[in-house]
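Below is one structure, written out as structure tokens; comments come after it.
There are 2 protein chains.
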Amino acid sequence: VHTFIDELHQELSVLIEKVGGVGRIKGIGVGAPNGNVYTGNIEYAPNLPWKGIIPLARMLQDKFKIPVRLTNDANAAAVGEMMYGAAQGMKDFIMITLGTGVGSGIVANGQLIYGHDGFAGELGHTTIIPDGRLHPGTGKKGSLESYASATGVAQSAIEILENTDRPSSLRAIPTGELNSKAVFEAATKGDEVAKEVFAFTGKVLGMALANFVMFSSPEAIILFGGLTKAGDLILKPTREHLEANVIEIFQNKVKILVSHLKESDAAILGASALMWEL
Amino acid sequence: VHTFIDELHQELSVLIEKVGGVGRIKGIGVGAPNGNVYTGNIEYAPNLPWKGIIPLARMLQDKFKIPVRLTNDANAAAVGEMMYGAAQGMKDFIMITLGTGVGSGIVANGQLIYGHDGFAGELGHTTIIPDGRLHPGTGKKGSLESYASATGVAQSAIEILENTDRPSSLRAIPTGELNSKAVFEAATKGDEVAKEVFAFTGKVLGMALANFVMFSSPEAIILFGGLTKAGDLILKPTREHLEANVIEIFQNKVKILVSHLKESDAAILGASALMWEL
Numbered sequence: 001v002h003t004f005i006d007e008l009h010q011e012l013s014v015l016i017e018k019v020g021g022v023g024r025i026k027g028i029g030v031g032a033p034n035g036n037v038y039t040g041n042i043e044y045a046p047n048l049p050w051k052g053i054i055p056l057a058r059m060l061q062d063k064f065k066i067p068v069r070l071t072n073d074a075n076a077a078a079v080g081e082m083m084y085g086a087a088q089g090m091k092d093f094i095m096i097t098l099g100t101g102v103g104s105g106i107v108a109n110g111q112l113i114y115g116h117d118g119f120a121g122e123l124g125h126t127t128i129i130p131d132g133r134l135h136p137g138t139g140k141k142g143s144l145e146s147y148a149s150a151t152g153v154a155q156s157a158i159e160i161l162e163n164t165d166r167p168s169s170l171r172a173i174p175t176g177e178l179n180s181k182a183v184f185e186a187a188t189k190g191d192e193v194a195k196e197v198f199a200f201t202g203k204v205l206g207m208a209l210a211n212f213v214m215f216s217s218p219e220a221i222i223l224f225g226g227l228t229k230a231g232d233l234i235l236k237p238t239r240e241h242l243e244a245n246v247i248e249i250f251q252n253k254v255k256i257l258v259s260h261l262k263e264s265d266a267a268i269l270g271a272s273a274l275m276w277e278l
Numbered sequence: 001v002h003t004f005i006d007e008l009h010q011e012l013s014v015l016i017e018k019v020g021g022v023g024r025i026k027g028i029g030v031g032a033p034n035g036n037v038y039t040g041n042i043e044y045a046p047n048l049p050w051k052g053i054i055p056l057a058r059m060l061q062d063k064f065k066i067p068v069r070l071t072n073d074a075n076a077a078a079v080g081e082m083m084y085g086a087a088q089g090m091k092d093f094i095m096i097t098l099g100t101g102v103g104s105g106i107v108a109n110g111q112l113i114y115g116h117d118g119f120a121g122e123l124g125h126t127t128i129i130p131d132g133r134l135h136p137g138t139g140k141k142g143s144l145e146s147y148a149s150a151t152g153v154a155q156s157a158i159e160i161l162e163n164t165d166r167p168s169s170l171r172a173i174p175t176g177e178l179n180s181k182a183v184f185e186a187a188t189k190g191d192e193v194a195k196e197v198f199a200f201t202g203k204v205l206g207m208a209l210a211n212f213v214m215f216s217s218p219e220a221i222i223l224f225g226g227l228t229k230a231g232d233l234i235l236k237p238t239r240e241h242l243e244a245n246v247i248e249i250f251q252n253k254v255k256i257l258v259s260h261l262k263e264s265d266a267a268i269l270g271a272s273a274l275m276w277e278l
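These protein sequences, in sequence, are chains A and B.
Going left to right, the first sequence walks through residues 1 to 278 as my numbering numbers them.
Going left to right, the second sequence walks through residues 1 to 278 as my numbering numbers them.
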């Protein structure tokens with residue numbers, strides 16, 4: 001962690017000098033996996049190499065000598081979407097990031113939901129298929145993240161290839177190199193196994209979104225991250241299974257939108273907005 | 001519905017006169033299944049005999065000539081718990097009513113979560129076991145309500161009795177008369193099948209609560225309603241399966257509390273509090 005902070009300090013110092021020095025910076029807003037807005041710590045992030053509790057905000061503050069505010073990266077992205085993106089003007093929406101992992105930020109009554117301890121919005125770890133696929137980072141089975149992440153998509157492809165004899169161009173790729181990008185490319189070329197992987201991923205995601213809708217009844221769900229590049233390959237089954245799993249009062253109401261902010265811009269804009277709140 | 005309102009008017013008029021007439025009443029707060037705070041309607045309540053959209057607030061207002069505010073019965077109960085009950089001083093908690101059905105009210109940042117359309121908090125209808133038990137009211141499969149309600153408990157008992165040869169005192173009861181109270185009484189007398197029914201119900205409820213915790217990270221979950229009378233028969237497995245299904249950052253943090261308000265008092269107190277907001 002210290003190496004990371006030293007390198008970050010070096011890189012950022014150049015930028016800070018360019019804009020007129022540290023006196024012109026109100027503070028640093030950080031969006032990080034398992035970042036806790038109340039404590040300023042990154043706590044037990046299953047997808048980071050840093051284990052346990054990392055007091056990142058304090059460490060950055062000591063180094064940069066300006067205030068630092070930290071939150072979950074998906075929470076930061078949600079704020080970014082609300083201020084500059086697809087969720088402008090909305091008071092109730094859920095942001096889901098479909099990347100290496102699955103993150104989420106929940107806005108209700110126009111406010112981010114932090115929960116009593118700052119850890120609300122870990123929707124990627126909710127169980128969608130009891131006794132389903134093992135998540136190696138958490139030890140839990142059947143979580144949304146174990147299916148609807150880049151890793152999950154690759155795993156779904158590997159499972160079909162290993163458990164069936166179905167022909168697929170993906171068989172030419174060594175298992176260790178099979179990733180979501182390869183599955184996407186095969187699917188766009190009409191590979192049936194690859195298409196089924198996205199249909200299945202969308203099914204699990206849609207089932208999960210249905211539960212989230214019945215929790216906070218959002219106006220929209222904003223999807224963000226690498227998997228959204230698959231477009232209707234994943235969005236169509238997601239919409240179908242969302243609608244199939246919500247009760248009548250929620251049907252045909254919730255928009256599923258894809259973020260149009262540039263990759264990672266939402267989180268950066270949202271993190272910077274954290275400082276304005278101070 | 002009109003008959004109901006006429007009868008209600010007759011009954012309440014006596015009480016209203018007793019306290020000094022309608023001039024001394026600021027308004028009527030109503031907590032009702034699928035009640036919508038924004039529209040004042042009861043909309044598509046699966047567990048009520050009234051189908052479709054019932055403009056109950058307007059109908060009551062026309063009849064009583066005073067303002068009427070309506071919300072979901074579980075939302076009303078959550079407000080009641082926050083003001084007078086187990087959730088006093090809490091800003092983040094979830095209220096779950098385990099009765100004929102399963103209702104819920106969610107408070108985050110000290111506010112009820114209504115969602116964009118007023119229907120947030122239908123946690124009883126979230127899918128916990130995909131392709132699980134059919135809910136006859138909604139047509140959905142595997143919802144929390146189809147297991148963790150009084151009806152669900154009776155159904156779980158019937159399934160074990162029909163699918164196994166295990167001895168049980170419950171076999172003396174005709175299937176049509178088997179209810180959650182009978183299962184509870186058998187369990188307290190040591191009936192193994194009845195005890196297993198509560199263990200299973202607690203397992204499904206715990207799995208569901210784990211997902212809810214990872215959504216809004218509440219300080220406590222307040223349980224309310226008939227099934228809580230089963231005490232540790234249901235609470236112990238609920239706690240166990242909640243802890244087993246949340247990721248590390250949520251473990252051993254969330255209190256599971258049983259409401260100590262008298263049956264239905266929470267909802268009535270909470271509904272009355274709706275008027276103070278006006």
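Here a beta-carbon is modelled for each residue, glycine too, at the ideal position from N, C-alpha and C.
CB of residue i within 7 Å of CB of residue j, strictly
i	j	result
residue 197 (chain B)	residue 246 (chain B)	no
residue 105 (chain A)	residue 78 (chain A)	yes
residue 148 (chain B)	residue 98 (chain B)	yes
residue 63 (chain A)	residue 125 (chain A)	no
residue 114 (chain B)	residue 249 (chain A)	no
residue 220 (chain B)	residue 255 (chain B)	yes
residue 34 (chain B)	residue 55 (chain B)	no
residue 32 (chain B)	residue 6 (chain B)	no
residue 103 (chain A)	residue 266 (chain A)	no
residue 67 (chain B)	residue 27 (chain B)	yes
residue 100 (chain A)	residue 182 (chain A)	no
residue 184 (chain A)	residue 230 (chain A)	yes
residue 169 (chain A)	residue 186 (chain A)	yes
residue 176 (chain B)	residue 46 (chain B)	no
residue 215 (chain B)	residue 215 (chain A)	yes
Alpha-carbon spacing of residue i relative to residue j, whole angstroms
i	j	result
residue 52 (chain A)	residue 270 (chain A)	25 Å
residue 117 (chain B)	residue 217 (chain A)	7 Å
residue 167 (chain A)	residue 193 (chain A)	8 Å
residue 139 (chain B)	residue 133 (chain B)	10 Å
residue 82 (chain A)	residue 88 (chain A)	5 Å
residue 90 (chain B)	residue 15 (chain B)	33 Å
residue 238 (chain B)	residue 206 (chain A)	26 Å
residue 208 (chain A)	residue 202 (chain B)	22 Å
residue 156 (chain B)	residue 127 (chain A)	22 Å
residue 179 (chain B)	residue 129 (chain B)	22 Å
residue 142 (chain B)	residue 71 (chain B)	26 Å
residue 276 (chain B)	residue 93 (chain A)	28 Å
residue 173 (chain A)	residue 84 (chain A)	40 Å
residue 58 (chain A)	residue 190 (chain A)	51 Å
residue 135 (chain B)	residue 109 (chain B)	33 Å
residue 243 (chain A)	residue 228 (chain B)	32 Å
residue 123 (chain B)	residue 158 (chain A)	34 Å
residue 76 (chain B)	residue 274 (chain A)	33 Å
residue 111 (chain A)	residue 200 (chain A)	33 Å
residue 171 (chain A)	residue 131 (chain B)	31 Å
residue 253 (chain A)	residue 236 (chain A)	16 Å
Proximity test, residue i beta-carbon vs the ligand SAM heavy atom, cut-off 6 Å
i	result
residue 92 (chain B)	Absent from the structure shown: the ligand SAM. Ligands present: none.
Counterpart residues of residue i in DSSP-defined beta bridges
i	result
residue 224 (chain B)	B:97
residue 105 (chain A)	A:95
residue 143 (chain B)	B:127
residue 43 (chain A)	A:53
residue 199 (chain A)	DSSP, once it has assigned bridges, lists no residue as partnering residue 199 (chain A).
residue 72 (chain B)	B:32
residue 134 (chain A)	A:141
residue 258 (chain A)	A:223
residue 111 (chain B)	B:108
Residue environment, residue i, which counts as buried when at least 16 other CB atoms sit within 10 Å
i	result
residue 30 (chain A)	buried
residue 260 (chain A)	exposed
residue 121 (chain A)	buried
residue 4 (chain B)	exposed
residue 211 (chain B)	buried
residue 241 (chain A)	buried
residue 69 (chain A)	buried
residue 145 (chain B)	buried
residue 36 (chain A)	buried
residue 22 (chain B)	exposed
residue 1 (chain A)	exposed
Worksheet item: Hey, which unbroken runs of the beta strand (DSSP E) at 3 residues or more fall wholly within the stretch 159–193 of chain B?
Response: none
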